[in-house]
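Using this note's numbering, read the sequence shown as starting at 447 and increasing by one per residue.
All residues carry an ideal CB built from backbone N, CA and C; glycine is no exception.
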Amino acid sequence: MQTAKAGDGQPSRAFSRDRRLLHAADFRHVFADPVRSSDRYFTVLARPARETRSHSRLGLAIARKQLRRAVDRNRIKRLIREYFRLHVAGGQEDPALDFVVMARAAVRDTGAETLRRSLAAHFARLQSRLARQPE
């Protein structure tokens, strides 16, 4: 995989397509046998990535039933993507994991900093659980 360069010679930190779960089969893989972390804001599912993946990927399942307005769903998706891009996908994490984040209705009326702390706890918890699991 080639890393795009930013204008200052640094690697690009864009949220590229290879960091996303794009196909139904990718989501099915995670939903089949996930390690789960939940609180009042999010449920995050994780599973070791299949085959030759060398990096973690993110999938979003933000239900209209939980957040009726598109503006609310889009705000939460942006916040999750940005957190993942800056804190999870940026490093050389080991092992490579696939994550699916699902939002609950409480996220609508909650501030961004609280949601970031919640995501930080979920990703850290799942990474440590999956690092301890035998292959």
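Proximity to residue i [Cα-Cα], best of the options
i	options	result
residue 474	576, 494 and 511	494
residue 515	465, 535 and 555	555
residue 464	500, 479, 484 and 471	500
Residue j beta carbon less than 8 Å from that of residue i
i	j	result
residue 561	residue 490	no
residue 544	residue 481	no
residue 549	residue 488	yes
residue 522	residue 513	yes
Residue i: first and last residue of the uninterrupted beta strand (DSSP E) it sits in
i	result
residue 544	543-549
residue 481	481-484
residue 489	488-494
residue 503	503-507
Beta-carbon proximity list for residue i, same chain, < 6 Å, skipping 5 on both sides
i	result
residue 529	562 and 565
residue 505	467, 473 and 546
Contacting residues, own chain, Cβ-Cβ under 7 Å from residue i (five flanking each side not counted)
i	result
residue 486	550 and 552
residue 588	One cannot answer for residue 588 here, as it falls past the ends of the chain, which runs 447 to 581.
residue 567	none
Contacts around residue i, its chain only, beta-carbon distance under 8 Å, and the 5 residues preceding and following it disregarded
i	result
residue 509	548 and 549
residue 479	493
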